[in-house]
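Heads up: the sequence shown runs through residues 934 to 1364, numbered per our numbering. The beta-carbon is built from N, C-alpha and C at its ideal position, and this holds for glycine as well. Source: prediction; values computed, not measured.
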Amino acid sequence: MNNKIQAVEPGSIAEELGLQPGDEIVSCNGHKIEDELDLRFYFCGEVIELEVITGGEREIIEIENPYGEELGVIFESALFGGAKHCANKCIFCFIDQLPRGMRESLYFKDDDSRLSFLTGNYVTLTNAKDSDLDKIIRMHMEPINVSVHTTNPCLRKFMLKNPKAERIMEQMRRLASGHIHMNCQIVLVKGVNDGAEFYKTVSDLASLYPYVTSVSAVPMGITKFRENLYCAQPFEKEDSKTVLNDILKMQKDCLNKLGTRFIYGADEFYLSAGYPIPAEEEYEGYHQIENGVGLIRSMHDEFSDALNSAPKGSAAADIITGMAAGDEIKKLANMAKTRYNNMDIAVHTVRNDFFGERITVAGLITGGDIIKQLKGKIKSRRVLIPSVMLRHGTETFLDDTTVTNVREALGADIIVTDCSGYDLWDKIKGD
């Protein structure tokens, strides 16, 4: 168990105690510390008893903490024993569709409820013990993001290839009884959990409102690497229309019964169907924007707001995105050019040759595809790419191409933008 301190915050209680990087936190107020959440929860009270290993010696430290300060340590990992590995073999799993030879970390599948609270990851709860659920309730770890997919026990076992998958409603009822709020995700697989099964799943989840706060429906991603996997079919234009029509009917029903739309469709469905993106108020606070639900609407409204309050100026930039959002990003560029005649903005959509043409989102575009398709076609000295193209906290694309590689190949500066209309406008201007 890796419970070693990596760093001590200046001016903290830990610094006053003389704790050093490499020291270990064993227990707090008699409770074994197995992760960062344990320490946050149990480090409370005016007098705290902390068991540590420092300099190779185990000792008990009594701490007076009348003002409720935090200990002030940073661990090598928030989860001392590492993240729980996914025990499922989902028929829609994207990681199972990765090609061979990519960096090893991309093949690790986590399914850890603690990461759901800490980083917003979605979890299936198939490997969650009753003690894990008790911990969520005891520590009030919310919201928890749950990958439900279906509430039909037999169908869920089939989709997740795990006999423990059938307990999902029992587990969620337990969390709801502990007043834990949840956001849920349904990855729709054509002909499997759509149609009547989709209606039943949303109805079951609505019975747990308000503790199930929202539900998103997203299409299964299908790469060209599906050898020996479930024979899944993509959602074509008419299929996407059917899904959205179902969602609109369920939203109307939920509005009447619950006072909320409750179920929301991913932007991908609207783009595929050719339906207009809903207005801001229809997303009711963007509960699942990081799951691709309402991101386009949010960016459009933020960009428009920034544009309307901006002074006149000139700028030149090339913007790179995926095939799915290409037309929407072009609309934003045209808004800027209509308002200011001296805006030279070119939008480039990149076809996903690496994963296959059915993968159209910007977040799965590789640096190699950008170089192959856009070398010699960039007009300005500034190229904007969305941050979702890069591994979090790095300048590396999924294929291990770097921002430096792309910059050298295209002969232009690469500028990373947040998924925000305000930031996009700032980066276009050069702020």
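Let me check one thing: in DSSP terms, what residues is residue i bridge-paired to?
i, result
"G1198", "A1150"
"K937", "E957"
"F1008", "I938"
"M1276", "A1248"
"E990", "T987"
"I874", "No answer is possible for residue 874: it lies beyond the span of the chain, which begins at 934 and ends at 1364."
"D1346", "R1315"
"Y1055", "N1078"
"D968", "L1012"
"E995", "E982"
"H1018", "D1043"
"N1267", "The partner list for N1267 (beta bridge, DSSP) is empty, contrary to what the question assumes."
"L1121", "P1152"
"T1175", "T1175 is not bridged to any residue."
Check whether the Cβ atoms of residue i and residue j lie closer than 9 Å to each other.
i, j, result
"Y1355", "A1212", "no"
"T1299", "T1334", "yes"
"K1312", "D1277", "yes"
"C1187", "A1243", "no"
"I1304", "N1338", "yes"
"I1252", "L1317", "yes"
"F1050", "I1024", "no"
"H1082", "Q1030", "no"
"N1126", "N1085", "yes"
"K1097", "N1060", "yes"
"N1285", "G1246", "no"
"F1288", "K1157", "yes"
"K1308", "A1342", "yes"
"M1074", "L972", "no"
"I1262", "R1315", "no"
"L1108", "Y1132", "no"
"V1135", "I1229", "no"
"E995", "L983", "yes"
"A1250", "G1344", "no"
"S1173", "Y1216", "no"
"F1365", "K937", "The question about residue 1365 has no answer, for the chain in this structure spans 934 to 1364."
"G1296", "P1319", "yes"
Could you name the residues of the same chain whose beta carbon sits closer than 6 Å to that of residue i, not counting the 5 residues immediately before and after it, in chain order?
i, result
"G1259", "T1282"
"C1019", "K1042, D1044"
"M1232", "G1354"
"H964", "Y975"
Please go through the same chain and pick out, in chain order, the residues whose beta-carbon is closer than 8 Å to the beta-carbon of residue i, but skip the five residues on each side of it.
i, result
"M1035", "L1331, D1332, D1333"
"S1010", "N935"
"K1310", "H1281"
"E1130", "T1083, N1085, L1088"
"D1359", "A1239"
"L1039", "I1028, L1031, L1331"
"T1350", "L1317, I1318, P1319, S1320, D1356, L1357, K1360"
Can you tell which of the options has the C-alpha that lies nearest to the C-alpha of residue i?
i, options, result
"Y1142", "I946, D1029, H1114", "H1114"
"Q939", "E949, L1051, Y1163, P954", "P954"
"D1043", "P1032, D1063, L1012, K1310", "L1012"
"I981", "I993, N1060, A1199, N935", "I993"
"R1089", "W1358, K1062, A1266, L1121", "L1121"
"M1153", "N1021, S1064, Q1166, L1162", "Q1166"
"I1155", "Y1273, G1301, P1032, E949", "P1032"
"I1361", "V1145, G1326, I966, M1268", "M1268"
"S1080", "F1288, K1170, G1111, E1099", "E1099"
"G1225", "A1248, V1321, R1106", "V1321"
"Y1163", "Q1104, F1091, P1209", "F1091"
"S1110", "N962, I1069, I996", "I1069"
"E979", "R991, E990, N962, E967", "N962"
"E949", "K937, E997, C977, E990", "E997"
"T1052", "E942, H1325, S1064", "H1325"
"I946", "K1022, Y1000, G1227", "Y1000"
"N1116", "K1123, M1105, H964", "M1105"
"N1161", "K1022, D1351, Q1306, T1327", "K1022"
"E990", "F976, L952, G1014", "L952"
"R1272", "A1257, S1237, G1198", "S1237"
With a CB to CB cut of under 7 Å and the five nearest residues on each side skipped, what residues in its chain are close to residue i?
i, result
"A1016", "D1043, D1045, L1048"
"E1235", "S1353, G1354, Y1355"
"D1137", "T1084, M1102"
"R1194", "Q1184, C1187, L1188, E1215, E1217"
"L1066", "Q1104, R1107, L1108"
"E1290", "R1284"
"K1270", "M1276, I1278"
Any C-beta of chain D sitting closer than 9 Å to the C-beta of residue i?
i, result
"E1037", "Protein chain content of the structure displayed is limited to a single chain, and chain D is not contained in it."
* Asked: For the segment 1176-1186 against the segment 1051-1060, are there 3 or more C-beta pairs whose distance is under 8 Å?
  -> Judged by Cβ distances under 8 Å, the segment 1176-1186 makes no contact with the segment 1051-1060, as fewer than three pairs qualify.
* Validate contact between the segment 1194-1212 and the segment 1158-1177 using beta carbons, cut 8 Å, 3 pairs -> Contact check between the segment 1194-1212 and the segment 1158-1177: three or more CB pairs, one atom from each, fall below 8 Å, which counts as touching.
* To do: State whether the segment 1219-1235 contacts the segment 1144-1157, with contact taken as three or more CB pairs (one from each stretch) at a distance under 8 Å.
  => yes
* **At least 3 beta-carbon pairs within less than 8 Å: the segment 942-958 vs the segment 997-1011** => Short answer: they touch.
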